[in-house]
Structures are given as structure tokens and as C-alpha cells.
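Trainee: Questions regarding the structure given below will be posed in turn.
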Ligand code: ASP
Ligand code: MG
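Listed below in C-alpha cells is the structure:
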């Protein structure tokens with residue numbers, strides 16, 4: 214949803230798809246960059262910096278221009294009125310923030326929601342002008358979340374019921390705002406940056422759709438980030454487990470949570486390119502068992518950095534007695550997720566990406582034993598059904614060794630979907646390159 218031209222592409226895709234199958238819902242993100250601008254603007258206003266006005270002015274201009282280039286005839290007036298109404302509403306909120314000199318997390322979520330509200334409104338108006346029967350839908354009415362601003366958790370029971378209830382009554386194509394939801398008492402929330410993919414999966418899964426398509430700006434999930442590994446190529450097919458692992462460990466194409474609802478209901482997810490709609494993209498399906506039998510290879514690589522490694526040593530650990538549970542509980546209470554975990558008889562090491570609450574966490578961990586922290590690390594994740602097959606790991610660490618890359622904290626989960634390990638951040642790109650060469654380019 215970048216420019217009027219890309220919106221035209223979206224319209225073509227929706228029209229073409231609607232001829233081939235029944236499209237129930239189109240979930241959209243904000244126009245590209247809009248969410249960042251909204252965040253910047255909100256923070257400026259919260260600091261009583263009048264510079265927020267400039268950003269607001271640009272946002273206004275961009276959305277009004279988009280309507281004017283996209284909708285030229287009778288629909289224009291109505292579409293402009295819609296955008297104008299939203300922009301006025303946004304302005305009144307931001308002025309409030311400016312006057313109070315205070316931006317709450319909930320306020321920021323509310324301000325961010327305008328990105329998707331504007332883009333979905335405009336797409337709905339543009340489609341309507343081109344004769345597509347459709348309705349705008351603010352996802353506040355169908356996605357029910359808790360109140361964790363910025364990364365709200367979805368209540369699937371309530372959400373699925375709300376989605377089914379809504380779609381039972383509304384038979385026209387729904388143009389839905391991605392990224393946003395609301396608490397049961399009506400406070401607007403957001404699902405985490407890049408969350409529109411997730412919204413689409415939530416809606417598709419709740420309705421038992423035959424497929425969920427994520428239209429983005431690349432031709433699918435790649436074997437590695439092509440900016441780092443020039444030989445990277447599109448992976449045609451992945452199992453849910455593999456795609457989930459890749460998204461979680463840093464592949465930017467999909468929001469990490471996207472896979473979950475689709476996997477639960479077994480709805481295939483396709484990742485396709487808005488600008489090259491004929492490309493085949495990546496299809497993510499429930500075929501892990503078959504893939505595991507066939508493939509004994511690494512299919513894709515990704516990495517996450519910087520992360521911090523936290524090591525906890527305690528003689529108490531010898532006794533067991535819920536020591537690990539206590540460690541996990543501390544991270545959980547501070548809402549900090551752990552990525553890689555390794556243990557030995559008297560120690561536990563974990564990695565964390567979000568260091569916001571680390572000082573308090575460390576304080577509590579120190580009551581359990583000796584604690585040390587190493588920063589500037591990277592997690593490399595190699596994904597592929599069957600990476601636990603004989604010899605795969607051996608080859609991996611041989612290649613890394615030959616390239617003088619030291620490996621720490623190796624972890625391989627037992628079903629053989631992925632192998633993760635930690636290296637120094639400075640070695641991460643090289644590790645990715647040499648492993649890609651070994652497993653994928655060879
Ligand atoms: N507009 C939101 C963001 O920029 C959600 C999305 O793009 O999927 O994070
Ligand atoms: Mg996206």
C-alpha cells in the first residue's frame with residue numbers, strides 16, 4: 214500500500230482474484246511509512262514540539278493526493294469526505310496530546326490506528342467506484358485483544374465469534390483495517406509492527422477460508438535475506454512449522470504470529486508479490502511430516518541481532534527443584550520473551566532481544582545464583598524439515614569452524630524443524646553466507 218500506483222495494483226489483484234474465487238475479505242496495512250510518521254508525530258506532540266504539524270500536514274497531503282489520483286469521478290467527493298473526517302479526528306487527538314504534553318501507550322495505539330483506517334477507507338472507496346460491491350470494516354469490531362498497548366494479545370475465542378458473527382451478516386467483500394483491534398471495553402489496540410499479516414490470518418482462519426494470501430513487495434519467503442546473501446532465492450513451499458520459525462527468527466516477510474491461526478485451522482498461506490503478481494511466491498501448508506521424510510537439508514536461514522545472552526550459574530541447580538521454572542517465571546513476569554535456551558548441570562543460558570526490562574530481571578536472577586550478561590550476539594536459525602537428520606549439524610559446524618566462526622548456545626528442537634545457535638554479532642552475516650553457500654547454493 215505504498216503509492217497510488219501500488220494501490221491500483223491492489224485493485225487489479227482484488228478484481229482478478231474475485232473473478233477466480235470468492236474473496237471474502239481484504240485486510241490492508243497503512244500506506245508505507247505512514248505508521249512510522251504517525252509514531253513520530255505522536256512523540257513530537259507529546260513533547261510539546263510544534264514540529265508535529267509538519268508531519269500531520271504531509272500525512273494529510275499524501276492521503277488526499279492518493280484519493281485524487283485514484284478516484285477521479287463521482288466517487289471522489291465522498292472519498293475525500295471520508296479521508297477528511299478521519300484526518301480531522303486524528304488532528305483533534307494529536308492536538309490533545311500536544312496540549313496535555315502527554316502521550317500514553319494507549320494514545321499512541323489510537324494514533325497509529327489512523328494509518329490503516331485511512332488506507333482501508335480509501336481502498337474501499339476506490340473499489341466501490343470501480344463497481345466492486347464492498348464495505349469498509351474497522352477491525353476494532355472483530356478483533357478482541359487484551360490491553361497491552363503496542364503488542365496486544367488476541368482473545369481468539371471472542372475474536373473468532375465476532376468475526377463469524379460479522380461475516381454472517383455482511384455478505385459483501387469486507388475491506389478490513391489490518392494491525393488494529395480493541396479491548397472488550399472498546400480501547401483501540403495494535404498487534405505489533407507489521408501486524409496486518411497477522412490480522413489477515415486471524416480473519417482467514419476464523420472463517421475457515423480456503424486460503425490466506427499475503428501480498429507484499431517481495432516474491433515470497435527467501436532462502437536468506439537477499440541484501441546479505443546475493444544468491445538467495447524464493448522457497449516455493451514450506452511447512453507451517455518452518456515458516457513460523459523463520460518469521461520468528463527475523464525473516465521480515467511475515468509478522469511472526471501470522472502462521473499460528475492459519476496452522477491451527479490448517480488454512481494454507483501464500484506469500485505473493487503485489488508488483489509481480491504472476492510470480493508463484495511461497496506456499497505454506499500443513500505438510501511437515503512429508504517434508505521431513507524427503508528433505509534432509511537446510512531450506513532457509515535467518516538471523517536475529519543484537520541479542521543479549523544471560524547466563525545463570527547456581528549450585529542449587531544440582532537439586533533441580535524448579536530452578537528453571539523460577540528463571541522462566543522471572544522473564545515472564547517482566548514480559549520479556551526468551552529465544553534460545555541451553556542448560557548444563559549447574560547453569561542456564563538464555564538469549565533475549567528486548568532489553569527494556571533486563572535490569573529488573575537481572576536483579577531478581579541474582580537472588581538465584583551468579584549472573585553474567587554478554588551483549589552484541591546474534592542468533593542464527595537454520596530451518597528445514599529434517600535438519601535433525603544425521604550429518605546435517607556436523608556439516609554445519611564444520612563449515613563454521615573452517616571460517617573461524619565460534620558458535621555458542623546450540624539448540625535443536627526435536628522435531629527437526631530448526632537449528633539455532635548464537636554467534637558474535639560481527640560474525641552473523643558471514644555465517645549466513647557460508648552456510649547458504651554450503652546448503653543452498655551447492
Ligand atoms: N502499519 C503497520 C506497521 O507499519 C502494520 C503493517 O504494516 O502490517 O507496522
Ligand atoms: Mg507487512
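In the working numbering, the protein residues as written are 214 to 655.
Quick reminder that beta carbons are idealized off the backbone N, C-alpha and C, glycines included.
#1: To the nearest angstrom, report how far apart residue 444 and residue 342 are at their CA atoms.
#2: Quick one: using the 10 Å Cβ neighbour count with 16 as the cut-off for buried, is residue 656 buried or exposed?
#3: Is the beta carbon of residue 636 closer than 8 Å to that of residue 612?
#4: Between which two residues does the beta strand (DSSP E) carrying residue 381 extend?
#5: For the ligand ASP, I want to know if residue 330 counts as a neighbour, meaning its beta carbon is within less than 7 Å of at least one of the ligand's heavy atoms.
#6: So residue 565 and residue 546 are supposed to be a Cβ contact under 8 Å. How far apart are they, rounded?
#7: Can residue 256 and residue 331 be called in contact, C-beta distance under 8 Å?
#8: For my contact list, residue 527 and residue 541 are in at a C-beta cut-off of 8 Å; report their separation, rounded to the angstrom.
#9: Quick one: is residue 476 buried, meaning 16 or more other Cβ sit within 10 Å of its Cβ, or exposed?
#10: Does the segment 348 to 364 come close enough to the segment 373 to 387 that 3 or more CB-CB pairs lie under 8 Å?
#11: In or out: residue 296 buried (at least 16 other Cβ within 10 Å) or exposed?
#12: Does the distance between the C-beta of residue 327 and the nearest non-hydrogen atom of the ligand ASP fall short of 7 Å?
#13: Threshold first: 3 residues or longer. Then list the beta strand (DSSP E) segments lying entirely within the segment 534 to 576, N to C.
#14: Given a cut-off of 8 Å, decide if residue 487 and residue 430 are closer than it, judged by their beta-carbon atoms.
#15: If you draw a straight line from the C-alpha of residue 323 to the C-alpha of residue 484, how long is it?
#16: Under a CB-based cut-off of 8 Å, is residue 432 close to chain C?
#17: Just list the residues that DSSP pairs residue 526 with in beta bridges.
#18: Can at least three beta-carbon pairs, one atom from the segment 442 to 460 and one from the segment 384 to 397, be found at a separation below 8 Å?
#19: Count the other CB atoms, across all protein chains shown, that sit within 10 Å of the CB of residue 655; report buried if there are 16 or more and exposed otherwise.
#20: The ligand ASP and residue 410: does the residue's C-beta get closer than 7 Å to at least one heavy atom of that ligand?
#21: For the ligand ASP, is there any heavy atom lying closer than 7 Å to the beta carbon of residue 242?
#22: Start and end of the alpha helix (DSSP H) containing residue 457?
#23: For the alpha helix (DSSP H) that residue 646 lies in, which residues bound it at each end?
#24: Do you know offhand how far residue 301's Cα is from residue 441's?
#25: Taking only the alpha-carbon atoms, compute the straight-line gap between residue 351 and residue 382 and give it to the nearest angstrom.
#26: Just the C-alpha distance for residue 234 and residue 482, rounded to the nearest angstrom, thanks.
#27: Let's see if you can read the secondary structure: which residues bound the alpha helix (DSSP H) around residue 364?
#28: Quick test of your reading: residue 489 and residue 421, contact by CB under 8 Å. State the CB separation rounded to the nearest angstrom.
#29: Let me know the secondary structure DSSP gives residue 235 once reduced to three states.
#30: In the DSSP assignment, the alpha helix (DSSP H) including residue 336 goes from what residue to what residue?
#31: May I ask which residues mark the beginning and end of the beta strand (DSSP E) holding residue 349?
#32: Can we count residue 391 as close to the ligand ASP, meaning its CB is less than 7 Å from some heavy atom?
#33: Taking only the alpha-carbon atoms, compute the straight-line gap between residue 571 and residue 577 and give it to the nearest angstrom.
#34: How many whole angstroms separate the CB atoms of residue 387 and residue 238, which I take to be in contact at a CB cut-off of 8 Å?
#35: With a threshold of 7 Å, establish whether the CB of residue 407 neighbours any heavy atom of the ligand ASP.
#36: Kindly list the residues whose CB is nearer than 6 Å to the CB of residue 520, restricted to its own chain and excluding five residues on each side of it in sequence; keep chain order.
Mentor: According to the data block:
#1: 43 Å
#2: No answer is possible for residue 656: the residues shown for the chain start at 214 and end at 655.
#3: no
#4: For residue 381, there is no enclosing beta strand (DSSP E); the enclosing alpha helix (DSSP H) covers residues 369 to 382.
#5: Answer for residue 330: no, Cβ out of range of the ligand ASP.
#6: Actually they do not touch by this definition, with Cβ atoms about 14 Å apart.
#7: no
#8: With a Cβ gap of about 14 Å, residue 527 and residue 541 do not count as contacting.
#9: buried
#10: Under the three-pair Cβ rule at 8 Å, the segment 373 to 387 counts as touching the segment 348 to 364.
#11: buried
#12: Checking the Cβ of residue 327 against the ligand ASP gives no.
#13: Along the segment 534 to 576, the beta strand (DSSP E) occurs as fully enclosed runs of 3 or more residues at 551 to 557 and 560 to 565, listed in sequence order.
#14: yes
#15: 29 Å
#16: You won't find chain C in this structure, because it holds only one protein chain.
#17: 560 and 583
#18: no
#19: Classification for residue 655: exposed.
#20: yes
#21: yes
#22: 453 to 461
#23: 641 to 649
#24: 43 Å
#25: Looking at the two C-alpha atoms, the distance is approximately 15 Å.
#26: 15 Å
#27: Residue 364 -> no alpha helix (DSSP H), and no H or E assigned at all.
#28: Contact flag wrong, Cβ pair sits at about 29 Å.
#29: If DSSP states are grouped into helix, strand and coil, residue 235 belongs with coil.
#30: Membership of residue 336 in the alpha helix (DSSP H) is indicated by the continuous run 318 to 342.
#31: 347 to 350
#32: yes
#33: In a straight line, the C-alpha of residue 571 is about 10 Å away from that of residue 577.
#34: 5 Å
#35: For the ligand ASP, at least one heavy atom lies less than 7 Å from the Cβ of residue 407.
#36: 564, 566, 590 and 592
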